[in-house]
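To convert, note that position 736 of the sequence shown is 736 in the numbering used here; the numbers rise steadily by one, no gaps. Note that beta-carbon positions come from the ideal geometry of N, C-alpha and C, so glycine has one too. Quantities reported herein were computed from a predicted structural model and do not represent experimental measurements.
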Amino acid sequence: MRTTKFLAACLLTLSVFSCKQPDYNSKDAEIEKKVEALLSKMTLEEKIGQMNQISSSGNIEEMSELIKKGEIGSILNEVDPVRVNQLQRAAVEGSRLGIPVLIARDVIHGFKTIFPIPLGQAASFDPEIAREGARVAAVEASSVGVRWTFAPMIDISRDPRWGRIAESCGEDPYLTAVMGAAMVKGFQGDSLNDPTAIAACAKHFVGYGAAEGGRDYNSTFISERNLRNIYLPSFEAAEAAGAATFMTSFNDNDGVPSTGNKFILRDVLRGEWGFDGIVVTDWNSAREMINHGFAADDKDVAEKSVNAGVDMEMVSYTFVKQLPELVKEGKVKESVIDEAVRNILRVKFRLGLFDNPYVDENKPSVFYNKEHLAAAKRAVEESTILLKNENAVLPLGSNVRTIAVVGPMANAPHDQMGTWVFDGDKTHTQTPLAALKAMYGDKVNIIYEPGLTFSRDTNAEGIRKAAAAAARADVILAFLGEEAILSGEAHSLADISLKGAQTQLLEALENTGKPVVSIIMAGRPLTIAHEVELSDAVLYSFHPGTMGGPALADLIFGKAVPSGKTPVTFVQHVGQVPLYYAHHNTGRPARKGVKPLAELPLEAGQTSEGSNSSYMDYSVELLFPFGYGLSYTTFSYGTPKLSATELAKNDVLKVSFELANTGKYEATEIVQLYVQDKVASVTRPVKELKRFTRVTLKPGEKRMVEFELPIADLAFWNIDMKKVVEPGEFALWVAADSESGEPLTFTVK
Ligand code: GLC
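Dropping the structure here:
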């Protein structure tokens, strides 16, 4: 609770950058002394060995030999506590200086208890959900000896074709910054040397989500100004929150691969932000600079990576093989090596590895304990989005005697967990079918007929059977979506509609004339305009994880009320991508609505159809805007009042308004504050999210809600590449989503 209040206080009153977290990275004089003392004893080979990370080969003897030689600083993908201790003993008792190895793993949204994918957690707009999920992951992962996770992934993602949008917190820099900072706090806990703390890793630094065409690993072409205004803020917030490590991204931006990019690694991360933790490459991303055409060979790879500011190389092994000669030739100074090794030793000391290198192999399991499962269920309840609810078909009432459970995701324990689930165990997944039977089977009859057996299933034979069964029910629950493999790394899609015969299945269900509730589990915002039409109600749950079933069952029957909102724009057609709310207005702003092509006259005059930045066949109308989500109740927003309409740059603007619950369910509304800088030295987004908070009200309850917005938070990198607040007029919205609300204006002098 303490943390909740603390974090919430930060969100409401201060920007995430200025919200002080525990000081993980204070230059603890004690630690700095130990680092220097140890460094002074190390040979060049031992120093370079610390910069080398391998993935567990499973061959303990072989790895132990390398560790004893001082050739390994870190090992990823070893999660057996007995083997972890064997490897650690080789380091602590078998190597000359006894430097412990750092055990790492991708613990992205849970270790054993799997939480919603990060895109789902972002839909909760609740940093406490993110912090709690990361904390549970850290407690479970550290119990087997993992002390470093490669998370949070805080790449701004505005292209739903990109498979890794699933791992992100969506399209908005502020939401991502808040959620990412909370995840850092969750993974690292109150102190890095707590045995349940695991070092966080802000990744992928930087701009990876802007891969051209949404194709993973593709090049990006982000200007410095856009880097600073859009892609860097979430990483700056993670650094301010104390992230112990950063990971370089695969993409080349403006021709420079991040793993060899001195500007971002040394000038920005170290020079401007003062980061003193570890920079690790992504998997083989150092050697991939040869594919990029940025490095000629392994020697060039090692020289360019280390001189650009990389401390540790993941699996490509060029440092161990090439750096000794590069130092001898003076192409890499030993002082540069020393700095990298200081960063590595500093994090190991901060983690307490020298004092407590071993994991307790006999401690009782903490996996799936009831607190963890309860936290995971809360995360699903808060992150599920109600996109449609015609005639209030949800929540199901006592008049519903029989329900039909249909669709390939109703009982898909593996796929429900989503991508990046190395250690999750599908036998612990509680599916919607199982949960509905266990929790509501005494209240309603449940008919189960999947219709299709997996999301890509094109065998339509089962559809008739499912429709026939569904016709016997009062309400049909259609669980649709994506198998886990269809999102995540290297899983980009050119067509982001529902796969297989799912749409045909839904059409058959709609044809029964019975109310259809579609519950969609996916790793991205799918193009589901037609399916939304076919459904009376739609719940969207980005791969919800272990507790997806119980949470969705309670949401469907009203024991929980949906509050999630879209962390990313839902487009109508993939051809509209990229389309996001914080776009620029352009000289010819797109207009809503579009004339059907069939109505175009023949030999129409060149300029007869006007000219604006829409498509001729699709307007820029979205399916669902960023920040959108319904509730079982309704909320009304009073007209916001501003504490002033003329402010100086160091003032704080207070925005207050009354929120009322005008419906009949206690529910939570995510209220959002957007601002537009109307005229500036460079064109600015039509609006940007600057604050949000969750407000829970009983039916009929009204409450004054207040945001505090330091004018300093309106600063942006301007034409002179300076981060400033420029004077002028601003528009401000307090709204339920990025498309609603009426603007108020204020001026900054
Ligand atoms: C992968 C991913 C990265 C992950 C790393 C280690 O290629 O890009 O996010 O942490 O390798 O598994």
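Starting from residue i, trace the alpha helix (DSSP H) both ways and give me its first and last residue.
i       : result
Asp-677 : Premise fails: Asp-677 lies in the beta strand (DSSP E), 667 to 677, not in any alpha helix (DSSP H).
Arg-105 : Premise fails: Arg-105 lies in the beta strand (DSSP E), 102 to 105, not in any alpha helix (DSSP H).
Glu-461 : 461 to 470
Ser-142 : 127 to 142
Ala-375 : 370 to 383
Val-594 : Note, Val-594: premise wrong, no alpha helix (DSSP H); not H, not E.
Ile-556 : 548 to 557
Val-84  : 81 to 92
Would you say residue i and residue j are within 8 angstroms of each other, going by their C-beta atoms?
i       : j       : result
Arg-270 : Val-35  : no
Lys-698 : Glu-666 : yes
Ala-286 : Val-301 : yes
Ile-670 : Arg-703 : no
Ser-541 : Met-521 : yes
Val-675 : Glu-688 : yes
Ser-191 : Gly-170 : no
Thr-546 : Thr-429 : yes
Pro-562 : Leu-555 : yes
Pro-81  : Val-320 : no
Leu-630 : Asn-445 : no
Pro-450 : Gly-548 : no
Val-393 : Pro-116 : no
Gln-86  : Pro-100 : no
Leu-436 : Ala-553 : yes
Asn-661 : Phe-635 : yes
Phe-187 : Thr-220 : no
Gly-523 : Gly-488 : yes
Between residue i and residue j, what straight-line distance do the alpha-carbon atoms span, to the nearest angstrom?
i       : j       : result
Leu-673 : Pro-173 : 14 angstroms
Ile-496 : Asn-77  : 31 angstroms
Gly-397 : Val-366 : 37 angstroms
Trp-717 : Phe-570 : 29 angstroms
Arg-691 : Leu-709 : 8 angstroms
Cys-19  : Gly-330 : Since pLDDT at Cys-19 reaches only 46, below the 50 mark, its modelled position is unreliable, and the value read off the structure follows with that caveat. Taking the straight line joining both Cα atoms gives about 43 angstroms.
Pro-515 : Asp-126 : 32 angstroms
Ile-198 : Val-107 : 10 angstroms
Val-332 : Ala-434 : 59 angstroms
Thr-248 : Arg-215 : 18 angstroms
Met-409 : Ala-244 : 38 angstroms
Trp-283 : Val-315 : 6 angstroms
Ala-8   : Gln-50  : Note on Ala-8: pLDDT 43, under 50, position unreliable in the model; no value is reported.
Ile-455 : Gly-424 : This sequence places Ser at residue 455; Ile is not what is there. Each residue's Cα considered, the two are about 20 angstroms apart.
Gln-504 : Leu-452 : 10 angstroms
Ala-210 : Lys-41  : 44 angstroms
Ile-290 : Asn-251 : 13 angstroms
Ala-731 : Glu-325 : 59 angstroms
Leu-232 : Ile-719 : 17 angstroms
Leu-11  : Lys-649 : Note that Leu-11 scores 43 on pLDDT, short of 50, meaning its location in the model is unreliable and no value can be drawn from it.
Ala-460 : Val-405 : 17 angstroms
Ala-644 : Ile-711 : 12 angstroms
Lys-5   : Glu-128 : Because the pLDDT at Lys-5 is just 43, under 50, the model does not fix this residue reliably, and the value given afterwards should be weighed accordingly. Near 9 angstroms, if we compare the C-alpha coordinates of Glu-128 and Lys-5.
Leu-744 : Gly-638 : 13 angstroms
Asn-407 : Val-517 : Reading off the sequence shown, one finds Gly at residue 407, where the question assumed Asn. Approximately 11 angstroms between the Cα atoms of the pair.
Arg-266 : Ile-114 : 35 angstroms
Ser-95  : Glu-288 : 31 angstroms
With respect to the beta strand (DSSP E) encompassing residue i, which residues constitute its N-terminal and C-terminal limits?
i       : result
His-204 : 201 to 205
Gly-481 : 475 to 481
Tyr-448 : 445 to 448
Tyr-540 : 537 to 540
Tyr-637 : 635 to 637
Asn-291 : Unbroken run through Asn-291 is the alpha helix (DSSP H), 288 to 291; no beta strand (DSSP E).
Ala-404 : 402 to 406
Asn-661 : 652 to 661
Comparing the CB of residue i with every heavy atom of the ligand HEM, is any distance shorter than 7 angstroms?
i       : result
Gly-548 : As presented, the structure is devoid of the ligand HEM, carrying the ligand GLC as its sole ligands.
#### Entry: Ordered list of beta strand (DSSP E) runs contained in the stretch 691 to 749, each at least 3 residues
For the stretch 691 to 749, the full-length beta strand (DSSP E) segments reaching 3 residues or more read 702 to 710, 728 to 735 and 744 to 748 along the chain.
### Query
Considering only residues of the stretch 35 to 70, which uninterrupted alpha helix (DSSP H) runs meet the minimum length of 4 residues and lie entirely inside it, listed in chain order?
Runs of the alpha helix (DSSP H) inside the stretch 35 to 70: 44 to 50 and 60 to 68.
#### Entry: Nearest-residue set for the ligand GLC, Cβ under 5 angstroms from any heavy atom
In chain order, the hits are Asp-106, Phe-150, Asp-282 and Trp-283.
### Query
What are the start and end residues of each continuous alpha helix (DSSP H) run of 4 or more residues lying completely inside the stretch 499 to 529, in chain order?
Positions of the alpha helix (DSSP H) runs, each at least 4 residues long and wholly inside the stretch 499 to 529, are given as 502 to 511 in order along the chain.
### Query
Could you give the uninterrupted runs of the alpha helix (DSSP H) lying entirely in the stretch 325 to 368, keeping only those of 4 residues or more?
Every unbroken stretch of the alpha helix (DSSP H) spanning 4 or more residues and falling wholly within the stretch 325 to 368 is given here in chain order: 334 to 350.
### Task
Could you pull out every unbroken beta strand (DSSP E) segment of at least 3 residues lying fully inside the stretch 190 to 238, listed in chain order?
If we require 3 residues or more, the beta strand (DSSP E) runs fully inside the stretch 190 to 238 come out as 201 to 205.
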